[in-house]
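Residue numbers (the working numbering), protein chains in the order written: chain Y, 2 to 318; chain S, 2 to 318.
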């Protein structure tokens with residue numbers, strides 16, 4: 002049976018590109034012509050900000066849609082604007098789906114029992130109205146946090162199985178202070194192992210039995226590019242787990258570091274970059290009206306860098 | 002200087018009640034007269050569900066507002082209905098604030114750097130519009146998850162200090178599978194300790210320097226009632242940390258178990274119950290139109306149970 006990661010692999014092959022573009026809008030960095038237009042129409046309101054987000058995102062998406070098949074909106078930046086921000090998130094996801102893109106929602110949700118089920122149903126499945134059910138966020142994959150244990154993860158596995166969706170559980174994140182908790186030594190089955198490796202053991206256990214045609218379970222793992230040695234160890238021990246790899250670009254991750262995130266057959270990871278793409282116009286020689294062109298250039302650069310490290314002179318596997 | 006937990010202690014003293022009422026609406030359990038009314042007005046839509054949530058919550062709040070000073074809406078149940086659910090959350094919080102209640106948002110948010118700051122600003126502080134800032138969710142306290150380390154927590158401390166707010170970090174949760182991760186043995190400063198105790202060490206460190214008049218730091222901890230022996234150990238080692246204690250009632254926590262969550266002076270914990278209060282009408286002999294009366298009875302019972310265990314024959318400290 003095909004699961005979500007078979008669909009992801011098909012999409013990666015379609016674009017010959019194992020990367021994804023993050024959509025993390027920041028009103029202070031959105032080009033002035035977009036801000037002024039929405040300010041004129043909606044005033045200095047949350048609605049104006051939400052409209053700016055959607056317009057800006059569509060510019061990024063349109064400029065990169067022939068290059069990449071997977072996008073990752075970060076929920077925090079939308080949720081922060083309440084109703085109007087959530088509307089912008091939903092509008093962005095719907096636009097991506099109209100273009101047949103895969104959407105990874107970066108939300109790091111976590112809770113237990115019925116509450117976790119409520120998150121899983123609304124983000125990946127269907128919610129209950131008074132007399133029927135309907136889809137609402139309907140993303141393909143969501144990031145989640147495993148600190149609460151199996152009670153918190155099983156609802157996501159259940160809903161993923163039902164709707165052919167999936168989740169990435171935080172394991173070894175790309176930030177410097179990921180060492181605080183994730184790198185401590187845990188005693189697991191009488192062995193001393195790093196905490197993130199124990200989390201990986203749980204992810205493997207929680208996802209058991211959900212393997213798709215390519216052998217990946219429906220629970221992936223978030224593994225930062227910024228710790229390539231750690232990624233290598235995790236990749237070798239957990240070939241059945243698909244990685245979401247943030248931190249490429251702005252957080253210091255480099256193309257040569259990411260090769261260890263892939264399995265030998267060249268699958269098993271999606272490499273993500275967000276701000277470095279969205280706000281590329283601030284870093285490279287474009288004016289702010291050309292923010293889409295700037296984003297496109299950096300997206301192509303990321304694809305080509307990763308291709309060359311992964312496949313050398315061959316364009317694709 | 003007063004911090005958020007001084008304000009919480011004042012509120013607890015005002016009501017002589019160290020408990021809080023959870024507001025976790027579930028459309029399948031909301032009384033039919035509320036559903037029918039909103040169905041007639043808004044049709045079978047998310048808007049109807051959102052309106053049901055607010056009406057139902059107001060019924061619970063009005064029936065308990067002379068008994069308790071702290072409420073805890075669970076964000077998952079609102080967020081699940083998108084724009085209309087977020088509106089219901091905001092309407093509920095605004096109603097609570099109009100009654101001078103303290104609001105703990107149960108959201109278990111977590112991320113790093115700018116993203117964590119975005120969560121902190123929007124839920125506890127102010128967001129940036131195009132030309133100004135404004136408050137949006139504006140709750141008093143939020144639950145957060147510390148798995149990402151200090152990068153993820155510092156933005157919440159920074160915003161808490163600025164706006165006199167606070168956060169509860171997940172430490173030892175009330176669900177059965179909290180043992181998966183939280184009870185494993187970690188090696189911390191050359192000692193073998195349970196993982197949740199290590200998390201507590203980090204919470205203490207992250208909150209250092211934020212102590213208020215009563216000695217509590219602005220970062221509290223979520224500690225389930227369902228593991229009273231663990232709670233006792235944590236309480237003794239971390240007197241500067243205020244506890245949010247869910248799991249009372251439906252998850253199996255009992256009044257005699259919770260005494261260990263308080264410091265010797267009778268402060269240091271808020272005990273929470275949600276579904277057992279909201280949907281009490283299904284368990285005790287009331288008809289569904291009397292759901293507020295049922296909630297009131299259970300809220301008073303919880304207060305009195307905890308008072309009697311904490312203070313014996315004395316009504317209050």
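Quick reminder that beta carbons are idealized off the backbone N, C-alpha and C, glycines included.
For clarity, every value in this text was computed on a predicted model and none was experimentally measured.
Closest residue to residue i among the options (Cα-Cα distance)
| i | options | result |
| --- | --- | --- |
| residue 25(S) | 46(S), 147(S), 56(S), 16(S) | 56(S) |
| residue 114(S) | 41(Y), 276(Y), 155(Y) | 276(Y) |
| residue 86(S) | 230(Y), 148(Y), 119(Y), 227(Y) | 119(Y) |
| residue 238(S) | 211(S), 223(S), 202(S) | 202(S) |
| residue 281(Y) | 308(Y), 65(Y), 159(Y) | 65(Y) |
| residue 289(S) | 150(S), 37(S), 83(S) | 37(S) |
| residue 151(S) | 193(S), 136(S), 200(S) | 200(S) |
| residue 28(Y) | 89(Y), 63(Y), 72(Y), 14(Y) | 89(Y) |
| residue 3(S) | 102(S), 219(S), 147(S) | 219(S) |
| residue 68(S) | 189(S), 309(S), 304(S), 260(S) | 304(S) |
| residue 243(S) | 223(S), 184(S), 258(S) | 223(S) |
| residue 171(Y) | 187(Y), 204(Y), 189(Y), 188(Y) | 204(Y) |
| residue 269(S) | 286(S), 233(S), 292(S) | 233(S) |
Where residue i sits in the DSSP three-state scheme
| i | result |
| --- | --- |
| residue 84(Y) | helix |
| residue 133(Y) | coil |
| residue 264(S) | coil |
| residue 275(S) | coil |
| residue 193(S) | strand |
| residue 107(S) | strand |
| residue 161(Y) | helix |
| residue 285(Y) | coil |
| residue 72(S) | strand |
| residue 239(S) | coil |
| residue 20(Y) | strand |
| residue 228(S) | coil |
| residue 94(Y) | helix |
| residue 186(Y) | strand |
| residue 113(Y) | coil |
| residue 6(S) | helix |
| residue 203(Y) | helix |
| residue 1(Y) | Look at the range of chain Y in this structure, 2 to 318, and you will see that residue 1(Y) is not part of it. |
| residue 249(S) | strand |
| residue 78(Y) | helix |
| residue 150(Y) | coil |
| residue 220(Y) | strand |
Minimum Cβ-Cβ distance from residue i to chain B less than 8 Å
| i | result |
| --- | --- |
| residue 159(Y) | The chain labelled as chain B is not found among the protein chains of the depicted structure, namely Y and S. |
Any non-hydrogen atom of the ligand PLP closer than 7 Å to residue i Cβ
| i | result |
| --- | --- |
| residue 242(S) | Summarising the ligand content, the structure contains no ligands, and the ligand PLP is consequently not present. |
Interface partners of residue i on chain Y, CB under 7 Å
| i | result |
| --- | --- |
| residue 109(S) | 111, 112 |
| residue 132(S) | 45 |
| residue 1(S) | Because chain S is modelled from 2 through 318, residue 1(S) falls outside the range shown and cannot be assessed. |
| residue 87(S) | 83, 84, 87 |
| residue 152(S) | 176, 177, 178 |
| residue 99(S) | Chain Y residues near residue 99(S): none, gap ~18 Å exceeds 7 Å. |
| residue 201(S) | Here the premise fails: no neighbours, minimum Cβ distance about 12 Å. |
Chain-ordered neighbours of residue i on chain S, where CB pairs are closer than 8 Å
| i | result |
| --- | --- |
| residue 2(Y) | The premise fails here: residue 2(Y) is roughly 27 Å from chain S at the closest Cβ pair, so nothing lies under 8 Å. |
| residue 82(Y) | 123, 128, 137 |
| residue 308(Y) | Residues of chain S passing the Cβ test: none, with the nearest at roughly 28 Å. |
Within chain Y, partners of residue i - CB distance below 8 Å
| i | result |
| --- | --- |
| residue 78(S) | 116, 119 |
| residue 61(S) | Under the 8 Å cutoff, chain Y gives no residues; its nearest Cβ is about 18 Å from residue 61(S). |
Cross-chain neighbours of residue i in chain S, by beta carbon under 7 Å
| i | result |
| --- | --- |
| residue 49(Y) | 131 |
| residue 163(Y) | Near residue 163(Y) there are no residues of chain S at all, since even the closest Cβ is about 16 Å away, more than 7 Å. |
The beta strand (DSSP E) enclosing residue i, as first and last residue numbers
| i | result |
| --- | --- |
| residue 173(Y) | 167 to 173 |
| residue 143(Y) | 142 to 145 |
| residue 311(S) | Careful: residue 311(S) lies outside any beta strand (DSSP E), inside the alpha helix (DSSP H) at 292 to 312. |
Within chain Y, the residues that residue i reaches when beta carbons sit closer than 9 Å
| i | result |
| --- | --- |
| residue 149(S) | 109, 146, 171, 174, 176, 178, 179, 181, 182, 183 |
| residue 187(S) | 182, 185, 186, 187, 188, 196 |
Residue interval of the alpha helix (DSSP H) (run including residue i)
| i | result |
| --- | --- |
| residue 50(S) | 47 to 65 |
| residue 40(S) | 33 to 43 |
| residue 259(Y) | 256 to 259 |
Residues that residue i contacts on chain S, provided the C-beta gap is smaller than 9 Å
| i | result |
| --- | --- |
| residue 40(Y) | 131, 132 |
Any 3 or more C-beta pairs closer than 8 Å across the stretch 2 to 11 of chain Y and the stretch 207 to 215 of chain Y = yes
Counting Cβ pairs, one atom from each stretch, are 3 or more of them under 8 Å apart for the stretch 129 to 137 of chain S and the stretch 38 to 50 of chain Y?
-> yes
So, do the stretch 56 to 66 of chain S and the stretch 90 to 97 of chain Y have three or more beta carbon pairs nearer to each other than 8 Å?
-> no
Could you tell me whether the stretch 97 to 107 of chain S touches the stretch 137 to 144 of chain S, using the rule of 3 or more Cβ pairs below 8 Å?
-> yes
Stretch pair the stretch 63 to 76 of chain Y + the stretch 31 to 48 of chain Y: three plus CB contacts closer than 8 Å = no
Indicate whether the contact test is met: 3 or more Cβ pairs, each with one atom in the stretch 292 to 302 of chain Y and one in the stretch 219 to 229 of chain S, closer than 8 Å.
-> no
Can we say the stretch 14 to 29 of chain Y touches the stretch 148 to 163 of chain Y, given the rule of at least three CB pairs closer than 8 Å?
-> no
Would you be able to state if there are at least three C-beta pairs under 8 Å between the stretch 173 to 181 of chain S and the stretch 177 to 192 of chain Y?
-> no
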